[in-house]
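In the order they appear, the protein sequences are chains A and B.
Going by the numbering used here, the residue at position 149 of the first sequence is 149; the numbering climbs one at a time, nothing skipped.
Going by the numbering used here, the residue at position 88 of the second sequence is 1088; the numbering climbs one at a time, nothing skipped.
Let me begin by presenting the structure, written as structure tokens, before commenting on it.
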Amino acid sequence: MRLKRCAQGISLLVILLFACAFILDDPAVLLAGTTLLAGLCGLGYSFDRRFRQAVASVRLERSLERAVVRTGSTVRVATAITLQVPSHIQVTVSEILPAGVVVQDGKTAASSGTSPSFETYRFAYRITPLVHGTMHFSGITLVAQDHFFEDRVVLSAEPFRGPALSVQPRGLFEPTGRGLTSETREIEKMAVLSGLGVRALREYYVGDDLRRIDWKLTAKHNKLFIREYAGVVNPPPLIVVDLPWRGASYPADAFARMVAAVAGMVEHSTKMYQHSTVLLISGPNILHFMVEEKDLQRSISALREWMHPVERTAHFYRMADRSDLRSRVRALEIQSGRTQDPSTQKFLGLVKKQYLRSLGVHQTHAFNAQVGRTLSPLTVDEVYVFSLVAGDSSHLVQLIRQAKAMKLRVHVRTPQLPDPVSSPVSPGRLGADTVEAFA
Amino acid sequence: MNLSLRKDDGFFLLLAAGVLLFTGAAQPPSWYLYLLLLALPGIVLYVTRTWNDRVFYILCAGQPLVIALAAAQVWAGLFAVWMLAGIVLAALGMLEPGGDLPAYAAFCGATLVIATGIDASAHVLLPLLITGGLTAVFVLVFTVREYRFRKQYRGAPP
């Protein structure tokens, strides 16, 4: 139990009164000091009694969305804590999270008022494990305070503990000897000529195209029937949203504009094509994939849930793939051929050797493989990438390369138009077809 | 105009009535001193109405009056202690129905015992040693209880 400022002041007053009583040998001063001390002890005992009552009344239920996840994925946790709040005490309950997880969003603590009541606190939050292993929710912390005292207890006994979250490791690189898209062409794909499908049959009206008469039906019913063919629309675009990292600063106003732009794009896609497909990433981490969602409300709810800066488990920094390394080797060879200085030639040779050594052991990053597996089953012509382009944009380059390899048109949307010459996000550097600023 | 009387004001009026009764009955030579010392908690009570830590200021302001009354008559000082405690508990809202009235009664009983002991003793040293010893025992018992309480809820490591 900790004394708050008021109780500390009273304690100091008691000590002063005792010192004065001893020096002056005055029972009147002693009476003042002793009664103050008795009052303080009484208040402390009363606080402790009510605090124990509150702790004894705690009931907890905690559930996890999934019990087994992989590193970097997001799990929803729901906790309900019920307790009796005693009079004149403010109680704060907070979850004790396992080490190695970060809270993506939601509340993990709540405070009561000072009036006596039977309170139920419901915490709904999402966590992302950053390391693998078995993680235990080790309980809750209960803090109580009044004007004089504050006490804190960790409730980590059996009823308040658990469940365990098993986190499986996720490698940074794909295993060698495995194709990126070897398992991705197994789903049913929309037929290219689906526009020739018959949507409905109706009776013939004067002026209808005679080529559309269904002769079999006409012969069967002895009157003319017309086929109405299904309309053909372009496939909806894939919307990729690159969320900023929580560990770095980002322009909040630009992010708000990006949220509005993404919401507008999703709304347009749903109205125009009857569904929208959204891929949420943050750096080289795929967070959520919403495939052909027809319900606009659900799409907007998912965006509201995810559109905020998130923790990243993996980072790219000037990530180069094999083609980059090869082009650098070629550039070094050209540069080495032009120079006459032996020391420069020696240096360029050393750098080239390092690049060739890297090429020999180069592995495919898991993000590239995931993007490949995500894009390949989709029927899309265009990809819209929304990003603040804050910091390194290697992951965007990798994503756009994957999309371009699948003959998709890629449009990047950024907060402001980049300088076509010097900007690292110019269309040429990113490999996108267009780079535009969103409104 | 709202003329309803708050409980802390009521206890202060009781304290004022007691002090007036005491000065009237005992007629001490420096009777005005008690009235001046009575005014101090009254002013603090009024000025600190919206302050968070007002109980500390009220207690500080009341101690000179307690000492002055107890110097003249221990039981008068004890009465001032009871009224001050009433003011503090009322200011904290702890004397509302269903509140800590039994705790207030227990405090009055305990301070009665303390005052009796001090009244019986001619010097300070012995009561001071007894108070220190009892406080040490209280802290020791409290610490052991708290240790057992925390151990009960901490549980075994997973």
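C-beta: ideal position from N, C-alpha, C; glycine also.
Whole-angstrom C-beta distance between residue j and residue i, which should lie under 8 Å
i, j, result
"B/V1088", "B/L1059", "6 Å"
"A/I96", "A/S138", "5 Å"
"A/Y121", "A/T108", "With 8 Å as the limit, A/Y121 and A/T108 do not qualify as a contact, their Cβ atoms being about 10 Å apart."
"A/S269", "A/P237", "7 Å"
"B/I1118", "A/P86", "Their Cβ separation, rounded to whole angstroms, is 34 Å, which puts B/I1118 and A/P86 out of contact at 8 Å."
"A/G33", "A/L17", "3 Å"
"A/L36", "A/L12", "With a Cβ gap of about 11 Å, A/L36 and A/L12 do not count as contacting."
"A/E436", "A/R413", "6 Å"
"B/T1115", "B/V1074", "Residue identity differs from the one stated: residue 1115 of chain B is Ala in this sequence, not Thr. Between B/V1074 and B/A1115 the Cβ distance is about 5 Å, and since that is below 8 Å, they are a contact."
"A/H147", "B/G1093", "Contact flag wrong, Cβ pair sits at about 10 Å."
"A/P235", "A/V410", "Not really, about 15 Å apart at Cβ, beyond 8 Å."
"B/L1065", "B/L1095", "That belief does not hold up - the Cβ atoms of B/L1065 and B/L1095 are roughly 21 Å apart, past 8 Å."
Rounded straight-line distance, which links the Cα of residue j to that of residue i
i, j, result
"A/L287", "A/C41", "54 Å"
"B/I1043", "B/Y1034", "14 Å"
"A/E188", "A/L375", "Summary for A/E188: the model assigns pLDDT 36, below 50, so the residue's position carries little reliability; its value from the coordinates is reported in the next sentence. Approximately 14 Å between the Cα atoms of the pair."
"A/F438", "A/L60", "46 Å"
"A/E186", "A/P377", "Its pLDDT being 33, under 50, A/E186 is placed unreliably in this model, and the value from its coordinates should be taken loosely. Distance between the alpha carbons of A/E186 and A/P377: 8 Å."
"A/A7", "A/A78", "38 Å"
"A/Q354", "A/S387", "33 Å"
"A/T364", "A/S73", "20 Å"
"A/T141", "A/L296", "40 Å"
"B/L1194", "B/G1062", "Any answer about residue 1194 of chain B is impossible in this case: the structure gives chain B only from 1001 up to 1158."
"A/A302", "A/M406", "27 Å"
"A/V371", "A/Y250", "25 Å"
"A/Q274", "A/K294", "6 Å"
"A/Y229", "A/R211", "12 Å"
"A/Q509", "A/Q145", "With chain A represented from 1 up to 439, any question about residue 509 of chain A goes unanswered, as that position is not in the structure."
"A/R178", "A/I300", "Confidence in A/R178 is poor, its pLDDT being 46 and thus under 50, which makes the residue's placement too unreliable to answer from."
"B/Y1046", "A/L155", "43 Å"
"A/A432", "A/L399", "10 Å"
"A/V143", "A/L130", "28 Å"
"A/R246", "A/P309", "5 Å"
"A/L408", "A/H136", "44 Å"
"B/S1121", "A/L83", "48 Å"
"B/A1136", "A/D48", "18 Å"
"A/L180", "A/R373", "Confidence at A/L180 is low in this model, with a pLDDT of 42, below 50, so the placement of that residue should be treated as unreliable; the coordinate-derived value is given next. Distance between the alpha carbons of A/L180 and A/R373 is about 7 Å."
"A/G391", "A/V93", "38 Å"
"A/V91", "B/A1103", "22 Å"
"B/W1051", "B/F1011", "19 Å"
"A/V55", "A/S394", "51 Å"
"A/L243", "A/R70", "20 Å"
"B/V1139", "A/S111", "29 Å"
"A/R50", "B/G1077", "31 Å"
"A/L332", "A/T339", "11 Å"
"A/D208", "A/E267", "36 Å"
DSSP bridge partner residues for residue i (one or two, in chain order)
i, result
"A/R126", "A/R76 and A/D105"
"A/H288", "A/L280"
"A/L111", "The sequence shown places Ser at residue 111 of chain A, rather than the Leu named in the question. A/S111 pairs with A/T92."
"A/T141", "A/S94 and A/V154"
"B/A1085", "Bridge partners of B/A1085: none, in fact."
"A/M135", "A/L165"
"A/Q84", "A/F118"
"A/A437", "A/T414"
"A/R227", "A/L201"
"A/V383", "A/L238 and A/V410"
"A/S299", "Answer is none; A/S299 lacks a bridge partner."
"A/R62", "A/T79"
"A/F173", "A/H365"
"A/R70", "A/Q168"
"A/V310", "A/W245"
*Listed from N- to C-terminal order along the chain, which residues in the stretch 1005-1032 of chain B have their beta-carbon within a distance smaller than 8 Å of any beta-carbon of chain A?*
none
*With 8 Å as the limit, tell me which residues of the stretch 1092-1107 of chain B have their beta carbon closer than that to any beta carbon of chain A; keep them in chain order.*
L1092, G1093, M1094, G1098, G1099, D1100, A1103, A1106 and F1107
*Determine which residues of the stretch 143-164 of chain A have a Cβ less than 7 Å from any Cβ of chain B, and write them out in chain order.*
H147, V153, V154, L155, S156, A157, E158 and R161
*Using a Cβ-Cβ cut-off of less than 9 Å, give me the residues of the stretch 70-94 of chain A that come near chain B, in sequence order.*
S87 and H88
_Would you call the stretch 62-71 of chain A in contact with the stretch 1106-1116 of chain B, where contact means no fewer than 3 C-beta pairs closer than 8 Å?_
no
*Validate contact between the stretch 257-273 of chain A and the stretch 223-232 of chain A using beta carbons, cut 8 Å, 3 pairs*: no
*Does the stretch 110-120 of chain A come within contact of the stretch 150-167 of chain A, defined as at least 3 CB pairs closer than 8 Å?*
no
_Which residues of the stretch 25-42 of chain A have a Cβ closer than 9 Å to any Cβ of chain B? Give them in chain order._
D25, D26, P27, A28, V29, L30, L31, A32, G33, T34, T35, L36, L37, A38, G39, C41 and G42
*Using 8 Å as the Cβ pair cut-off and three pairs as the minimum, do the stretch 243-258 of chain A and the stretch 383-397 of chain A touch?*
yes
*Of the residues that make up the stretch 43-59 of chain A, which ones have a beta carbon closer than 7 Å to any beta carbon in chain B?*
S46, R52 and V55
*Please name the residues in the stretch 97-115 of chain A whose beta-carbon is closer than 9 Å to at least one beta-carbon of chain B, in chain order.*
T114
_To be precise: take each residue of the stretch 9-21 of chain A, compare its Cβ to all Cβ atoms of chain B, and keep it if any distance is under 8 Å. Which residues remain?_
G9, I10, L13, L17, F18 and A21
*Quick one: which residues of the stretch 1062-1077 of chain B get their C-beta closer than 7 Å to a C-beta of chain A? List them in chain order.*
Q1063, V1066, I1067, A1070, A1071, V1074 and G1077
*Compile a chain-ordered list of the residues in the stretch 277-290 of chain A whose CB is closer than 8 Å to at least one CB of chain B.*
none
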